[in-house]
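Count along the sequence shown from 1, add 1400, and you get the number used in our numbering.
Quick notes on the structure that follows.
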Amino acid sequence: MKSSMRLFIAAVLVSIAHGAIAQQPFRMPASEQKNIADNPSWTAPQKPFRIYGNTWYVGPHGLGVFLITAPTGDVLIDGGVPGDAGLIEGNIRGLGIDLHAIKWILNSHAHSDHAGGLAQLADDTGAQVIAGAADAPLLERGGLDDPEYGNRFPFPPVHVARKVGDGERLHLGDLVLTARATPGHTKGNTTWAWMSCEGKRCLHMVDVGSLSAPGFKLIDNSNDPNLVKDFEHSFATVAALPCDIPLAPHPEMVDFWERVAKREHGDANASLDPAGCRAYAQDARKVFEAELAEQRAAAALTR
Ligand SMILES: [Zn+2]
């Protein structure tokens, strides 16, 4: 087939796909409704606040959604569950920030608790969505046919304007965001790193990708044969990152609220936890290896 013809067919397919996204209102299945109801912190209001320098917390209480402001445009990371976009937008406006100042929306991974609000946020801000290349198909099919969850936790499909690989740097004026591929939890799971400064003091901010494997089949997983290798790679990557202020899609992963509380009680440096990324990676690896050993033992018994 001529490449022009191929391009034309691809363009038609893309427009059909987008049309379908636009025409069919998203319907949340009972499994997803229950998931959200079982985790009330995912939709719990949280007053937005400055974490450090130009990095702000704008999510619901239980899901890390971060805004990084810069003169050339702002960057949002993650979008909560389906239905969280309004809360996040209210928080951003509450900081006196115009939604249209947001140029990019980054995603940590293509699960409904971090990607659920992306489509609406992209529509309302006009921002481009950027994600790990291997998660783009899952984002664009709205979480359907997830290798681990099947169709249980869908979300409104979202177009990924830019797909990034490991080590890729995104420049927005002086702001540089680095994507580190931390696959396992999803294939395109991404840890985002950037610097935030107060005066001359610049710190490494890291939104650590989830490193858990809840209920995953770790051996003989035909949907993801590289799962164990991917996780091992990701534990090592996160442990080695320069990291002053660890953040996370689930704030409790890095004891975020404990640090915030200490800061509120007068410890100005409590946000810092330079060992936090390494500690999280080590803890996650221990849990993972225990689960792997258990699954291997169970498999040996049935052979
Ligand atoms: Zn997840």
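Glycine residues also receive a C-beta, built at the ideal position from the N, C-alpha and C atoms.
Exercise. To the nearest angstrom, how far is it from the Cα of Gly-1517 to the Cα of Leu-1627?
Worked result: Looking up residue 1517 in the sequence shown gives position 117. Looking up residue 1627 in the sequence shown gives position 227. Computed Cα separation, rounded: 27 Å.
Problem set entry | Whether Ala-1519 touches Pro-1557 by CB criterion (8 Å) | Numbered from 1 along the sequence shown, position 119 holds the residue referred to as residue 1519. Numbered from 1 along the sequence shown, position 157 holds the residue referred to as residue 1557. Yes, the pair counts as a contact, with Cβ atoms nearer than the cut-off.
Problem set entry | For Asn-1623, the nearest candidate out of Val-1608, Asp-1545, Ala-1501 (CA to CA) | Reading the sequence shown from its first residue, position 223 is the one you call residue 1623. It is Asp-1545.
Exercise. Can you round the beta-carbon distance between His-1585 and Ala-1613 to whole angstroms, since I take them to be within the 8 Å contact cut?
Worked result: Taking the sequence shown and counting its residues from 1, the one referred to as residue 1585 is at position 185. Taking the sequence shown and counting its residues from 1, the one referred to as residue 1613 is at position 213. Correct: roughly 7 Å between the Cβ atoms.
For this session: Could you pull out every residue in the same chain whose Cβ sits closer than 7 Å to the Cβ of Pro-1425, ignoring the five residues on either side in sequence?
Result: Here residue 1425 is taken as the residue at index 25 of the sequence shown, counted from 1. Nothing listed; no residue qualifies.
Problem set entry | Simplified DSSP assignment, three categories, for Gln-1528 | Position 128 of the sequence shown, counting from 1, holds the residue named residue 1528. In this structure, Gln-1528 counts as strand in the three-state DSSP scheme.
Exercise. Can the beta-carbon of Val-1608 be found less than 8 Å from the beta-carbon of Ala-1648?
Worked result: Taking the first residue of the sequence shown as 1, we reach residue 1608 at position 208. Taking the first residue of the sequence shown as 1, we reach residue 1648 at position 248. Their beta carbons are under 8 Å apart, which means Val-1608 touches Ala-1648 by this criterion.
Problem set entry | Minimum C-alpha distance to Ile-1530 - residue among Trp-1592, Arg-1493, Phe-1553 | To locate residue 1530, count along the sequence shown from 1; it is residue 130. When only C-alpha atoms are compared, the closest one is Trp-1592.
Problem set entry | Local conformation of Pro-1646 per DSSP, three classes | Stepping through the sequence shown from its first residue, residue 1646 is reached at position 246. Looking at Pro-1646 - three-state DSSP - the assignment turns out to be strand.
For this session: Could you please go through the chain and list the residues whose beta-carbon is closer than 6 Å to any non-hydrogen atom of ligand 1?
Result: His-1509, His-1511, His-1585, Ser-1610
Exercise. Applying the criterion that 16 or more other CB atoms from any shown protein chain within 10 Å of the CB defines a buried residue, is Lys-1587 buried or exposed?
Worked result: To locate residue 1587, count along the sequence shown from 1; it is residue 187. Buried, by the Cβ-count rule.
Problem set entry | Whole runs of the alpha helix (DSSP H) within the region 1474–1526, excluding any shorter than 4 residues | 1485–1494, 1512–1515, 1518–1525
Exercise. Mapping DSSP to helix, strand and coil, what is Ile-1421?
Worked result: For the purposes of this step, residue 1421 is taken as residue 21 along the sequence shown, with counting starting at 1. With a pLDDT of 49 at Ile-1421, under the threshold of 50, the modelled position of this residue cannot be trusted, and the question is left open.
Exercise. Do the region 1434–1452 and the region 1566–1580 meet, that is, are 3 or more Cβ pairs less than 8 Å apart?
Worked result: no
Exercise. Is Phe-1635 near ligand 3, with its Cβ less than 7 Å from a heavy atom?
Worked result: Absence of ligand 3 is noted for the structure shown, with ligand 1 being the only ligands found.
Exercise. Which residues in the same chain as Leu-1572 place their Cβ atom closer than 8 Å to its Cβ, once the five residues preceding and following it in sequence are excluded?
Worked result: Residue mapping note: residue 1572 aligns to position 172 of the sequence shown, counting from 1. Within the same chain, Leu-1572 has close Cβ partners Ala-1470, Thr-1472, Gly-1473, Val-1475, Lys-1503, Trp-1504.
For this session: Leaving aside the five residues before and after Arg-1450 along the sequence, list all residues of the same chain whose C-beta is less than 6 Å from its C-beta, in chain order.
Result: As a position in the sequence shown, residue 1450 is number 50, starting the count at 1. Cβ neighbours of Arg-1450 beyond the five flanking positions: Trp-1456.
Problem set entry | Check whether Pro-1646 and Val-1654 have beta carbons under 8 Å apart | Mapped onto the sequence shown, residue 1646 falls at position 246. Mapped onto the sequence shown, residue 1654 falls at position 254. Result yes, Cβ atoms of Pro-1646 and Val-1654 sit closer than 8 Å.
For this session: Pick helix, strand or coil for Asp-1546, following the three-state DSSP scheme.
Result: Locating residue 1546 in the sequence shown gives position 146, counting from the first residue. Correct three-state label for Asp-1546: strand.
Exercise. If you drop the 5 nearest sequence neighbours on each side, which residues of the same chain put their C-beta closer than 7 Å to that of Gln-1423?
Worked result: Position 23 of the sequence shown holds residue 1423. Because the pLDDT of Gln-1423 is 47, which lies under 50, any placement of that residue in the model is unreliable, and the number read from its coordinates should be weighed accordingly. Taken in chain order, the list of residues that qualify is empty.
Problem set entry | Distance CB(Leu-1467)-CB(Ile-1436) smaller than 8 Å | In the sequence shown, residue 1467 corresponds to position 67, counting from 1. In the sequence shown, residue 1436 corresponds to position 36, counting from 1. No.
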